[in-house]
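In the numbering used here, the protein residues as written are 54 to 521. Below is one structure, written out as structure tokens; comments come after it.
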Amino acid sequence: MRKRLHIILFLVVSLIMVFAITVFAQGFKLNSIIDLIREDKSVYIETLEEETKDYIKEAGRTESMNVYEDISVYTIYYPVFENAQMNEDIKEIINGAISEFNDKLSQYSKFTPSRGVLYINYESFNYPEDIVSVIFDIKYTPPFEETAETYLLNYVFNTKTNETMTSETTFKNTDIITEGIRDYFETRYPKESFIYEDFSNIPKDKLVSNFVFKKDNAVFYINKKDILKEGNGYVSVSFDYNSIESCFNEKNESTKPFIKRRTLDPNLPTIALTFDDGPHRVNTNRLLDILSENNAKATFFVLGSRAIYEPDILMRMVNEGHQIGNHTYSHKSLSTLTINEIDQEVSKTNDFVKSVTAKDVELIRPPYGAVNQTVISNTDEPLILWSIDTLDWKSKNKDKIREEVLTKVKDGDIILMHDIYKSTIDACETIIPELIEQGYQLVTVDELFELKGIDLNANNKYYSAKTK
Ligand code: NI
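In structure tokens:
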């Protein structure tokens, strides 16, 4: 009897002691560090340097704040700028994180011997000239815990326009970005670890809202807890500016430096590649890939009767900065038609393209190049012909097509090809990089005429944009 009581007593006392030691040790560990920081400023500064060495800080001056309260400790590093608005915004972000932290702590007793810790640090970037990006790394460790919960928050500001850049104002379409992020996760995590079975159900702001602009890449930070069932911390997915050029909202002044088409040089040789008779599910998509890899733009004169089956390709063309023109609905020779029939052939295609892309089609390429006075007088858009005919539909030979283009090409040319043939796409695979290598800018028809300072008018036909 007595022996058993002894054992129980011993066990109870041991348990209490283990518990007390654990609690004491944790409390002591934090207390000692914080006390040192409070008593000795040199230790504090040393801490500051050590803590910041891995964080890139291109913009702003670092200030820090250490607060030591009954059940909480904050260590916060934040940037200070010349701009009052920015400092105000940063203060708001920091205060938001502190109040969220305090909310989480409210469940703990005031006399908890262990403290909750809030640690905030940041990275800052200054690219391009007027844009400052900050990404805050916010770590919260609850009392008695050892692992911090981490999340990130961004802040991007244009110091010239004095405007905050959010994903809503900066991007018009984030499909390429969300697709890239999806690839990142799907190649690294098994299917069952995702919160959402279907990636497209993840709210967009969880994927694209935390971005910064670095010198070579736009970087998107995704908090793992928003994607994965068991996730702490974050991942970053970087995008080359060329690859997401079409995602930027060109109506926002701040996005100008990211959009290449605005940096076209009127003094460089420039040509327009044009593709008729598509879209074609396989070949047009492959051509779009090639154009994208080479950061080249083209013009697609689509057939309405084909386009109606490929609305997603039309969207892709527009999203990636290409121009869509009208190649009529059913490829009839317009010069054989009545005014009414001409109007039908043209407007059916225009209406469909506009219903999908929300853009007006502003160019017509008459099938077979067949144009007479009736056609010229009864169409509302400029008629775009060509100065180089590759005859790709006839040869279906990639080497011949390549030769046609490369031996004849001159500044201001409009080149005719067809994106429905595999041989044409095979040829483009080499032609496009070769033309760029030779110094040509590959642009849309609109861009070509704009660069050459030539007005495009309805009731007119154009073969090229040659000025000499
Ligand atoms: Ni045609």
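Where is the CB? At the ideal position from N, CA and C, for every residue including glycine.
Considering only residues of the segment 170 to 250, which uninterrupted alpha helix (DSSP H) runs meet the minimum length of 4 residues and lie entirely inside it, listed in chain order?
The qualifying runs are 220 to 223 and 228 to 241.
Just the C-alpha distance for I147 and S289, rounded to the nearest angstrom, thanks.
As a working mapping, residue 147 is identified with position 94 in the sequence shown. As a working mapping, residue 289 is identified with position 236 in the sequence shown. One C-alpha to the other measures close to 22 Å.
If you scan the segment 299 to 381 from start to end, which runs of the alpha helix (DSSP H) of 4 or more residues do you find wholly inside it?
Whole alpha helix (DSSP H) segments, 4+ residues: 334 to 346, 357 to 360 and 364 to 372.
Run through DSSP, which three-state label would V65 get?
Numbered from 1 along the sequence shown, position 12 holds the residue referred to as residue 65. It is helical.
Under 5 Å from any heavy atom of ligand 1, by CB: list those residues in chain order, please.
Any residue whose Cβ sits closer than 5 Å to a heavy atom of ligand 1 makes the list: D329, D330 and P420.
Please say whether I280 and F224 have beta carbons closer to each other than 8 Å?
Looking up residue 224 in the sequence shown gives position 171. Looking up residue 280 in the sequence shown gives position 227. Contact: no.
By the 10 Å Cβ neighbour count, where 16 or more other Cβ atoms means buried, how is R168 classified, buried or exposed?
The sequence position of residue 168 within the sequence shown is 115, counting from 1. By the neighbour-count rule (16 or more Cβ atoms within 10 Å), R168 is buried.
Would you kindly work out how many angstroms separate the C-alpha atoms of N140 and V133, rounded to a whole number?
Translated into positions along the sequence shown, residue 140 becomes position 87. Translated into positions along the sequence shown, residue 133 becomes position 80. Near 6 Å, if we compare the C-alpha coordinates of V133 and N140.
Output needed for L101: all residues of its chain with C-beta closer than 6 Å, excluding positions within five of it in sequence on either side, in chain order.
Along the sequence shown, one-based indexing puts residue 101 at 48. With a pLDDT of 44 at L101, under the threshold of 50, the predicted position of this residue should be treated as unreliable, though the coordinate-derived value follows. The residues are S117.
Rounded to whole angstroms, what's the CA-CA distance from F301 to E434? Just pull it up for me.
Here residue 301 corresponds to residue number 248 of the sequence shown, with the count starting at 1. Here residue 434 corresponds to residue number 381 of the sequence shown, with the count starting at 1. Using only the alpha carbons, I get a separation of about 28 Å.
Between M368 and the rest of its own chain, which residues show a CB-CB distance below 8 Å, the 5 nearest in sequence each way excluded?
Here residue 368 refers to the residue found at position 315 when the sequence shown is read from its first residue. Answer for M368: V409 and T410, listed in chain order.
Which two residues bound the contiguous alpha helix (DSSP H) that contains L488?
Indexing the sequence shown from 1 puts residue 488 at position 435. First-last of the alpha helix (DSSP H) with L488: K475 to E490.
Alpha carbon to alpha carbon, what distance is there between S262 and F12?
Because the chain is modelled from 54 through 521, residue 12 falls outside the range shown and cannot be assessed.
Please name the residue or residues paired with H471 in a DSSP beta bridge.
Numbered from 1 along the sequence shown, position 418 holds the residue referred to as residue 471. Beta-bridge pairing links H471 to D329.
Are the CB atoms of Y516 and L438 nearer to each other than 8 Å?
Position 463 of the sequence shown holds residue 516. Position 385 of the sequence shown holds residue 438. Yes, Cβ-Cβ distance for Y516 and L438 is below 8 Å.
Within 10 angstroms of its Cβ, does E373 collect 16 or more other Cβ (buried), or is it exposed?
Taking the sequence shown and counting its residues from 1, one reaches residue 373 at position 320. It counts as buried.
Note the first and the last residue of the continuous alpha helix (DSSP H) segment covering R168.
Walking along the sequence shown from the start, residue 168 turns up at place 115. Here R168 belongs to no alpha helix (DSSP H), and DSSP marks it neither H nor E.
Buried or exposed, going by whether 16 or more other CB atoms sit within 10 Å of the CB of L68?
Sequence index remark: in the sequence shown, residue 68 carries index 15 (1-based). When all chains shown are included, L68 counts as exposed.
Measure the alpha-carbon distance for Y249 versus Y204 and round it to whole angstroms.
Here residue 249 is taken as the residue at index 196 of the sequence shown, counted from 1. Here residue 204 is taken as the residue at index 151 of the sequence shown, counted from 1. Rounded to whole angstroms, Y249 to Y204 spans 19 Å at the Cα level.
For Y108, which residues from the same chain have a beta carbon less than 7 Å from its beta carbon, with the 5 sequence-adjacent residues on both sides left out?
The count along the sequence shown starts at 1 and reaches residue 108 at position 55. Correct list, in chain order: N174, Y175 and E176.
What does the alpha-carbon distance come out to for the pair T497 and Y421?
Here residue 497 corresponds to residue number 444 of the sequence shown, with the count starting at 1. Here residue 421 corresponds to residue number 368 of the sequence shown, with the count starting at 1. Computed Cα separation, rounded: 21 Å.
Within the segment 375 to 422, note down every full beta strand (DSSP E) run reaching 3 residues or more, in order along the chain.
The segment 375 to 422 contains these whole beta strand (DSSP E) runs: 376 to 379.
Could you give the C-beta distance for I441 and D466, rounded to a whole number, given that I count them as a contact under 8 Å?
As a first step, residue 441 is located in the sequence shown; it is residue number 388 there, counting from the start. As a first step, residue 466 is located in the sequence shown; it is residue number 413 there, counting from the start. Contact flag correct, Cβ pair sits at about 5 Å.
Would you list the one or two residues that DSSP bridges to Q138?
The residue given as residue 138 occupies position 85 in the sequence shown. Looking at the DSSP assignment, Q138 forms no beta bridge with any residue, so it has no partner.
Report back the beta-carbon spacing between T402 and G357 to the nearest angstrom; my notes put them in contact at under 8 Å.
Mapped onto the sequence shown, residue 402 falls at position 349. Mapped onto the sequence shown, residue 357 falls at position 304. Right, their Cβ atoms sit about 3 Å apart.
Can you look up M269 in the DSSP assignment and give me helix, strand or coil?
Along the sequence shown, one-based indexing puts residue 269 at 216. For clarity, residue 269 is Asp in the given sequence; the question names Met instead. If DSSP states are grouped into helix, strand and coil, D269 belongs with coil.
Evaluate contact between the segment 179 to 199 and the segment 265 to 280, counting only Cβ atoms and requiring at least three cross-stretch pairs below 8 Å.
A contact exists between the segment 179 to 199 and the segment 265 to 280.
Return the chain-ordered list of same chain residues with a C-beta closer than 8 Å to the C-beta of V414, the five sequence neighbours on each side being excluded.
Within the sequence shown, numbered from 1, the residue matching residue 414 stands at position 361. Closer than 8 Å at the Cβ level, and outside the excluded window around V414, lie I377, G378, N379, T402, N403, V406, K407 and E434.
Apply the 10 Å Cβ neighbour rule to D445 and answer buried if 16 or more other Cβ atoms are within range, or exposed otherwise.
In the sequence shown, counting from the first residue as 1, residue 445 sits at position 392. Per the 10 Å Cβ criterion, buried.
Taking only the alpha-carbon atoms, compute the straight-line gap between S383 and T316 and give it to the nearest angstrom.
Along the sequence shown, read from residue 1 onward, the residue named residue 383 stands at position 330. Along the sequence shown, read from residue 1 onward, the residue named residue 316 stands at position 263. Rounded to whole angstroms, S383 to T316 spans 37 Å at the Cα level.
Suppose the cutoff is 7 Å on Cβ atoms and the five residues either side in sequence are ignored; what does the same chain contact list for E111 look like?
For the purposes of this step, residue 111 is identified with residue 58 of the sequence shown, where counting begins at 1. Contacts found: S177, F178 and N179.
Does the distance from the CB of N431 to the CB of D396 come in under 8 Å?
One-based indexing of the sequence shown puts residue 431 at position 378. One-based indexing of the sequence shown puts residue 396 at position 343. Going by C-beta atoms, N431 is nearer than 8 Å to D396.
Roughly how many whole angstroms lie between the Cα atoms of R241 and P195?
To locate residue 241, count along the sequence shown from 1; it is residue 188. To locate residue 195, count along the sequence shown from 1; it is residue 142. Answer to the nearest angstrom: the Cα atoms are 29 Å apart.
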